[in-house]
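Visitor:
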Amino acid sequence: METTKSHIALLASPGMGHLIPVLELAKHLVSHQSFKVTVFVVATDHASLANTHLLQSPADSGDLLDIVLLPFIDVSDIGGPSVSFIVAIVTTVLRSMPFLRSEISKMEFRPTALVVDLFGTDALEIADEYNMLKFVFIASNAWFLAVMLCTPEIDRKEIDEHVKNRMPLHIPGCKPIKFEHNLDVFFMDTNDPFYQGYVEAINKMSLTDGILVNTWDELEPTTLKALRETKKVPIYPIGPLVRPIEKSVFGNEIIAWLDKQPKQSVIYVSFGSGGTLSAQQVKELAWGLELSQQRFVWVLRPPTENDAAGTFLALGNGSDATLDYLPDGFPARTQDRGLLVPMWAPQVEVLSHPSIGGFLTHCGWNSTMESIVNGVPMIAWPLYAEQKMNASMLTEDIGASIRVMAVESDAAVGREEIRSVVRKILVDRQGRNIRSRIKELKDNAANALAKGGSSYNSMSQVANICIQHLKTKASGA
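Each residue of the sequence shown is one higher than the one before, counting from 30 in our numbering.
The structure is reproduced here in structure tokens:
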């Protein structure tokens, strides 16, 4: 391998929601910049991950993309199944650091830059050891990034007002955070080790060479302007980065079923790689879909009580074909207009299909980007993390979705509400208006990625920084 080519290392934290955008960033660096890229993958489920195609380098990447699965990390000692997925991720990544350091130290041609996500900031000291550039990749939106960067500077009295009196939390230059957005970090005690770790991670981010974020200038102009004006750290909007359509999927039974349906007639229902619902909520959703009398594809997972992120760290496409948690007779009554898919579906291929008319989604940012890129209007049903912020943005600011609402904040969303929003998005005028707006966003996103577009230019700036750094190292400066 020639030493004049920039070599970028990326670290992917556990969870499909983290792994997929990191892999897309890696492929983008290979295909658009001809960089050598190594992706280090931290995973809690090696067996399932090995059964997916995700760790296979694309055929057109040649020898430019390497994917390295770091050794398995056992975190069963930190609380068992009841431990939160955030704690599991943080602990897994931290315990993976010696393996990452070892892998980098063995490289004949070490990376020019290291790119980590929010959970990987402990790895930045390894970049310092080997004189590498340091970047952070936020696979979410600029509003969430702004909230993170401002957290250490927000007066604790303001946070207490937000938590205790449910007052909006003001973020400089950005939309305020409502109490309903419910970011867990604001409910932590400042002496909590995980709160302190969160603040430390943000401080480390502020000292990097830049933050890459999976959005684009035209989607969040006000927030990005505010972030740039603070001048804490360079911000590079490089999105939307989404997984491309795989032709090999066409022949899949889901695609075959969609081929038989009328254009824009099907609602796609999926809560991402990690989202789960309670048993009561699964039944209400089933009844709502049936009452809507509309066609649907529903990716089902067994219900989980009191854990909306119940499968976040589970990987692969396992199945649970029993479906005994659905209302009696539901599969038979809806078989002429509905398709039930246990556990997993090829989401990008489904969303790109012309028969899809709407997407009932948990509002994870990867799913949001995939929906926009494919021009599919959304029904926002957020579950955890920053998803309530995403839902607010999509519904109130961007005009790309409608929002499901429970009668009471802690209650299940009722079947009548579900019936209503499904019909609104597929049949009623409101859905047509959102579809028109989504078409604008789809074209807008494509323009951002095209040569000369805002995201194309941002990525080119990052590439030039890496190239210049390599030249400086080569000259011995």
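Backbone N, C-alpha and C fix where the C-beta goes; we use that ideal spot for every residue, glycine too.
Here the structure is a predicted model, which means the values were calculated and not measured.
Enumerate, from N- to C-terminal direction, the unbroken beta strand (DSSP E) stretches of 3 or more residues contained entirely within the segment 207–275.
Guide: As far as the segment 207–275 is concerned, its whole beta strand (DSSP E) runs of at least 3 residues are 239–242, 264–266.
Visitor: Starting from the Cα of S3, find the closest Cα among S35, V451, S484 and give me that residue.
Guide: Past the boundaries of the shown model lies residue 3; the chain is included only from 30 to 506, so the question cannot be answered.
Visitor: Could you tell me which residues DSSP puts in a beta bridge with T67?
Guide: Partner(s): A38, D95.
Visitor: For a test of the three-state rule: what should DSSP assign to W373, helix, strand or coil?
Guide: Looking at W373 - three-state DSSP - the assignment turns out to be coil, as it is neither helix nor strand.
Visitor: Tell me whether I107 is buried or exposed, calling it buried when 16 or more other Cβ atoms sit within 10 Å of its Cβ.
Guide: Exposed, because fewer than 16 other Cβ atoms sit within 10 Å of the Cβ of I107.
Visitor: To the nearest angstrom, report how far apart G347 and M372 are at their CA atoms.
Guide: Reliability of the predicted coordinates at G347 is poor, the pLDDT of 49 falling under 50, and the value obtained from them is presented with this limitation in mind. C-alpha separation (whole angstroms): 6 Å.
Visitor: Just how far apart, CA to CA, sit D353 and P375?
Guide: Roughly 24 Å separates the two Cα atoms.
Visitor: Threshold first: 3 residues or longer. Then list the beta strand (DSSP E) segments lying entirely within the segment 131–197, N to C.
Guide: 142–145, 162–167, all fully within the segment 131–197.
Visitor: Closest by CA to F388, which one among I463, E425, A435?
Guide: Minimum Cα distance to F388 is reached at I463.
Visitor: When the Cβ atoms of the segment 307–324 are set against those of the segment 63–74, are three or more pairs found closer than 8 Å?
Guide: The segment 307–324 is not in contact with the segment 63–74.
Visitor: Sort A255, G393, G404 by Cα distance to S384 and report the nearest one.
Guide: Residue G404 is the option with its Cα nearest to S384.
Visitor: Can you tell me which of the three DSSP states A492 falls into?
Guide: Note: A492 maps to helix in three-state DSSP.
Visitor: For a cutoff of 8 Å on Cβ pairs, would you count D213 as touching chain C?
Guide: Here chain C cannot be found, since the structure has a single protein chain.
Visitor: Can you name the start and end residues of the alpha helix (DSSP H) that F359 belongs to?
Guide: Run containing F359: 359–363, per the alpha helix (DSSP H) assignment.
Visitor: If you reduce the DSSP assignment to three classes, tell me which class S321 lands in.
Guide: Of the three classes helix, strand and coil, the one that applies to S321 here is helix, per DSSP.
Visitor: In the DSSP output, what is A409 paired with across the bridge?
Guide: The partner list for A409 (beta bridge, DSSP) reads T390, R432.
Visitor: Would W394 and N170 be called neighbours here (beta carbons separated by less than 8 Å)?
Guide: For W394 and N170, yes; Cβs fall inside 8 Å.
Visitor: Measuring only from the beta carbon, is R257 closer than 7 Å to any heavy atom that is part of the ligand FAD?
Guide: You won't find the ligand FAD in this model; it holds no ligand whatsoever.
Visitor: List the DSSP bridge partners of I283.
Guide: DSSP, once it has assigned bridges, lists no residue as partnering I283.
Visitor: Taking I283 as the reference, which of V328, G301, L270 has the closest Cα?
Guide: When each option's Cα is compared against that of I283, the closest is V328.
Visitor: Just how far apart, CA to CA, sit N493 and A142?
Guide: Going by the C-alpha atoms only, they are around 12 Å apart.
Visitor: Buried or exposed: where does Q416 fall if 16 or more other Cβ atoms within 10 Å of its Cβ makes it buried?
Guide: Classification of Q416: buried, given that the 10 Å Cβ count is 16 or more.
Visitor: With a cut-off of 8 Å on the beta carbons, I'd call V491 and Y265 a contact; round off their distance for me.
Guide: About 5 Å separates the two Cβ atoms, so the contact holds.
Visitor: First and last residue of the alpha helix (DSSP H) that includes S421?
Guide: Start and end: 416–421.
Visitor: With distances taken from CA atoms, which of E319, L287, P331 is nearest S307?
Guide: Out of E319, L287, P331, P331 has the C-alpha closest to the C-alpha of S307.
Visitor: Taking the alpha carbon of F215 as the reference point, which residue from M488, D92, N194, K233 has its own alpha carbon closest?
Guide: It is N194.
Visitor: Tell me whether Q225 is buried or exposed, calling it buried when 16 or more other Cβ atoms sit within 10 Å of its Cβ.
Guide: Exposed, since its Cβ has fewer than 16 Cβ neighbours within 10 Å.
Visitor: Quick one: any contact between the segment 468–476 and the segment 241–259, if contact means 3 or more CB pairs under 8 Å?
Guide: Output reads yes: the segment 241–259 touches the segment 468–476.
Visitor: Helix, strand or coil: which one does DSSP assign to I454?
Guide: It is helical.
Visitor: For a test of the three-state rule: what should DSSP assign to G44, helix, strand or coil?
Guide: In this structure, G44 counts as coil in the three-state DSSP scheme.
Visitor: Can you give the Cα-Cα distance for K135 and G301, rounded to whole angstroms?
Guide: Straight-line Cα distance between these residues: approximately 37 Å.
Visitor: Could you name the residues of the same chain whose beta carbon sits closer than 8 Å to that of V370, not counting the 5 residues immediately before and after it, in chain order?
Guide: Excluding sequence neighbours, V370 sits near I283, V326, W327, V328, L329.
Visitor: Alpha carbon to alpha carbon, what distance is there between T397 and S113?
Guide: Cα to Cα, the separation comes out at about 24 Å.
Visitor: Helix, strand or coil: which one does DSSP assign to L470?
Guide: Correct three-state label for L470: helix.
Visitor: Take L355 and list the residues in its own chain whose beta-carbon comes closer than 6 Å to its own, dropping the five residues that flank it on each side.
Guide: Closer than 6 Å at Cβ, skipping near neighbours: A315.
Visitor: In three-state terms, what does DSSP make of I385?
Guide: It is a strand residue.
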